[in-house]
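The sequence shown begins at 1 in my numbering and counts up one residue at a time.
Even for Gly, the Cβ is constructed at its ideal location relative to N, Cα and C.
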Amino acid sequence: MKTTSGELSERKKQILKTVIEAYIETGEPVGSKYLMQKAQFPFSSATIRNEMAELEELGYLEQPHTSAGRIPSESGYRFYVDSLVEHYDLTNREIAELKSALRSRQTELDNILDSAMKLASSMTNYPALAVRPHAAGLVVSRFETVPIDTFSLLLVMVMPDGSAKTKTVKSPRPVTREACTALAAALNTCLSGVPAAEFTLPLMMDVEKYLGAYDFLANPAIKRVYEVLAAGDVGDLRVEGVNRLLSYPEYCDFDRLKDMLTMFEDKQELLDVVASGKVPAIGDDIRVLIGRENPLGTMENSTLIFKPVKRGGHTVGAIGIIGPTRMDYPRVIAMINELSASISELMDAGAAHLPALGDGTDNGGTDNG
């Protein structure tokens, strides 16, 4: 009996799942003989052939050559990821290795992401990527102020990843401790969590109104905040293990490999895809782009799997894997989930080790100009 997309019989699902997992493992087209002998299906060879032919008609399988077996199509992979992938439990050894490799005294997001990226590449044998967000999404979580002298104060901006950036604010009038306290309260009320792109005139007027008698601090302070957000993190993508692509026959074509290497070198297009926030999520906030689902034509034979890394509700980065469409989806998804959770755990624990606010220490670049 023929079925429509999304209404596959249990037998078709079983056959499709087995074909995909066999192709992922071997890279060779899968035929009915394999399913009879290796998978030991309790169906006749004629039944299996008919079911595979119907799966091909429905667009889930493809036959590269008339006499060859079948291989999964992009639609087949998508159905597999959405409906057939079973939960993959990392072994205790794998989890221990992940946590041990990431655990350190470092609380800087860059260091943690670099370690996670290298670990993901080595444990999956696929290239891994780590992404920091665009400036458009950069915000300050909390503001603190410290008096320096009669006409200046230190503005401390705590970022979502726990790092702190400082700027010296010059005042046209004498600065009292009361003025510093009022400025911190005004900025936390009006500008906390607001990206630079949303710094509007009404918002600035709100800060002035909140400051009351100390409104002379509004303009120089807002200018310093804007400088940090607008010129801070303009987006960064790093890739580890590009040479691992050579392990897969999908990238033996020189032109295809060259295009992939160019994409990794230029980075911006790939960064835009990951940082756009437009990729639909499946369970546990994982994003999966299979073949031509990728907006980059270079990746029409590849899969990109990534997951945002968050702290305090803010996206502070992403960790991901790129490889052939015949990827080990259950294990890669489990690995990315575990890494993302471990990174968040480390950042939360590391917050206790951050320098005390107001001691003049700058974790993100001090500017006394």
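Nearest-angstrom beta carbon gap, residue j and residue i [assumed within contact, 8 Å]
{"i": "residue 29", "j": "residue 95", "result": "Between residue 95 and residue 29 the Cβ distance is about 35 Å, and since that is not below 8 Å, they are no contact."}
{"i": "residue 128", "j": "residue 121", "result": "4 Å"}
{"i": "residue 153", "j": "residue 147", "result": "5 Å"}
{"i": "residue 141", "j": "residue 156", "result": "About 11 Å; that fails the 8 Å criterion."}
{"i": "residue 17", "j": "residue 61", "result": "Incorrect: roughly 12 Å between the Cβ atoms, too far for contact."}
{"i": "residue 203", "j": "residue 143", "result": "At roughly 14 Å, the Cβ-Cβ gap does not stay under 8 Å, so residue 203 and residue 143 are not in contact."}
Cβ pair residue i, residue j closer than 8 Å
{"i": "residue 10", "j": "residue 330", "result": "no"}
{"i": "residue 196", "j": "residue 207", "result": "no"}
{"i": "residue 372", "j": "residue 260", "result": "Past the edges of the chain, shown from 1 to 369, lies residue 372, and the structure says nothing about it."}
{"i": "residue 221", "j": "residue 245", "result": "no"}
{"i": "residue 98", "j": "residue 339", "result": "yes"}
{"i": "residue 48", "j": "residue 327", "result": "no"}
{"i": "residue 20", "j": "residue 80", "result": "yes"}
{"i": "residue 293", "j": "residue 57", "result": "no"}
{"i": "residue 189", "j": "residue 214", "result": "no"}
Contact set for residue i: own chain, Cβ-Cβ below 6 Å, skip 5 residues either direction
{"i": "residue 216", "result": "172, 173"}
{"i": "residue 359", "result": "Confidence is the limiting factor: at residue 359 the pLDDT is only 31, short of 50, which leaves the residue's position unreliable, though a coordinate-based value still follows. Hits under 6 Å: none found."}
{"i": "residue 306", "result": "274, 287, 318, 320"}
Alpha-carbon to alpha-carbon, residue j and residue i
{"i": "residue 319", "j": "residue 249", "result": "25 Å"}
{"i": "residue 117", "j": "residue 36", "result": "40 Å"}
{"i": "residue 45", "j": "residue 26", "result": "21 Å"}
{"i": "residue 126", "j": "residue 324", "result": "9 Å"}
{"i": "residue 114", "j": "residue 124", "result": "16 Å"}
{"i": "residue 198", "j": "residue 226", "result": "10 Å"}
{"i": "residue 241", "j": "residue 322", "result": "10 Å"}
{"i": "residue 51", "j": "residue 112", "result": "48 Å"}
{"i": "residue 54", "j": "residue 254", "result": "35 Å"}
{"i": "residue 282", "j": "residue 59", "result": "22 Å"}
{"i": "residue 243", "j": "residue 251", "result": "11 Å"}
{"i": "residue 300", "j": "residue 341", "result": "30 Å"}
{"i": "residue 370", "j": "residue 266", "result": "Outside the modelled stretch of the chain, which goes from 1 to 369, sits residue 370, for which no answer is possible."}
{"i": "residue 278", "j": "residue 315", "result": "14 Å"}
{"i": "residue 280", "j": "residue 256", "result": "27 Å"}
{"i": "residue 90", "j": "residue 337", "result": "10 Å"}
{"i": "residue 168", "j": "residue 82", "result": "51 Å"}
{"i": "residue 22", "j": "residue 13", "result": "14 Å"}
{"i": "residue 185", "j": "residue 224", "result": "16 Å"}
{"i": "residue 166", "j": "residue 93", "result": "42 Å"}
Residues of its chain near residue i, where Cβ-Cβ distance is below 8 Å and the 5 sequence neighbours each way are ignored
{"i": "residue 296", "result": "263, 269, 270, 273"}
{"i": "residue 64", "result": "29, 71"}
{"i": "residue 88", "result": "330, 331, 333, 334"}
{"i": "residue 386", "result": "The first residue shown for the chain is 1 and the last is 369, placing residue 386 beyond what the model contains."}
{"i": "residue 291", "result": "74, 77, 299, 300, 301, 302, 303, 325"}
Sequence-distant residues of the same chain with beta carbon closer than 7 Å to residue i, five excluded per side
{"i": "residue 31", "result": "69"}
{"i": "residue 151", "result": "170, 171, 174, 175"}
{"i": "residue 285", "result": "307, 308"}
{"i": "residue 5", "result": "Low confidence applies here, because residue 5 scores a pLDDT of 47, under 50, leaving its location unreliable; read the following figure in that light. 58, listed in sequence order."}
For the stretch 88–172, which segments carrying the alpha helix (DSSP H) assignment without a break, of at least 4 residues, lie completely within its bounds, in sequence order?
Within the stretch 88–172, the complete alpha helix (DSSP H) runs of at least 4 residues are 92–102, 109–124.
Can you check the stretch 216–303 for any beta strand (DSSP E) of at least 3 residues that lies completely inside it and give the ranges in chain order?
Counting only unbroken stretches of 3 or more residues, the beta strand (DSSP E) elements lying wholly within the stretch 216–303 are 236–240, 287–290, in sequence order.
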